[in-house]
Every structure is written in C-alpha cells, then in structure tokens.
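Here the structure is laid out as structure tokens; the discussion comes afterwards.
Numbering (our numbering), first residue to last: 73 to 228.
In structure tokens:
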C-alpha cells in the first residue's frame, strides 16, 4: 500500500510541531536581576564597583556602586558567581593606584567607569585589598531566575 505525498507531509509537519512545542519549555538561559547595598563595617560604601565572576565560564560582569552603596545587575545569567568589590577607583590619584576602572586584572568585562569628574577622593573608603579579586575575596553568590537582593557587608 502506497501513501499519498500529502500523508507523509502531514506526518512531518506533526513531528516538527511537537519538536517546536518541546523546545518552548527549554527557553535558553534564565536571567536574574540582582541588586543590593555594599557596606564596610556596617557603613555603606560611597563608590567603587562590584564584579560577579561566573564560575561556569570565568567571564566577569562589573557594575558601579552608587553614593548610597547601591548596585544593580540586570539580565544576569543564573548560576554560581564569585564576587569582588573594589573602591580604589575612587582614590584614582596619579601615582597611587595606576588603575582607572574597577575590574581586577585578568577579569574580562565590558564595564566602563562613569564619566564626568566628581570628587571621588571624598567618596573613597579604603577596604582590604583581598576583596578586589573575586578569586580571593571569599565572597560568592548564586543567582536564581527573577529579581533578588544581595547585600554585601565587608569586614576585615
């Protein structure tokens, strides 16, 4: 018995439809929106940056710390992260740090420092250097889908 070409075509279309529906449940990587405040010994930091370094692919994403200690990451891929915090960019006086923006050496990120003067020196709060490197800071975070809060309180 021979089937018509339309019968074979309808079977293929049904199969493709089922595959498409199954694919909708997968959806690709989930994202998170993470925000919080960064403080040192209970007082909010007034500048600097926070870096999340992905444990999966070692790519970093960096965001500035506001004058009230607040930071935000939008559309962060879910997963495990090592966290770094630096304030030396606020102390960016020639001859003191030699660095002009937040990510630690070797961390790949597209972060650019905020432009336009300001008085970073007045907002500078020195913190222990270990916090600047996500690999050495001892700080970590697991990003889950959706909005969430992660306050970071640094101690000595």
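Where a beta carbon is used, it is the ideal one built from N, C-alpha and C, also for glycine. All figures in this text were calculated on a predicted structure; none of them were measured in a lab.
Nearest-angstrom Cβ-Cβ length linking residue i and residue j, presumed shorter than 8 Å
i	j	result
residue 134	residue 123	4 Å
residue 142	residue 113	About 18 Å; that fails the 8 Å criterion.
residue 152	residue 212	7 Å
residue 195	residue 139	6 Å
Per-residue burial, residue i [other beta carbons within 10 Å of its own, 16 or more giving buried]
i	result
residue 214	exposed
residue 166	With a pLDDT of 46 at residue 166, under the threshold of 50, the modelled position of this residue cannot be trusted; read the value that follows with caution. It counts as exposed.
residue 156	buried
residue 206	buried
residue 210	exposed
residue 218	exposed
residue 154	buried
Check whether residue i and residue j have beta carbons under 8 Å apart
i	j	result
residue 197	residue 145	no
residue 111	residue 225	yes
Three-way DSSP call (helix, strand, coil) for residue i in this model
i	result
residue 139	coil
residue 153	strand
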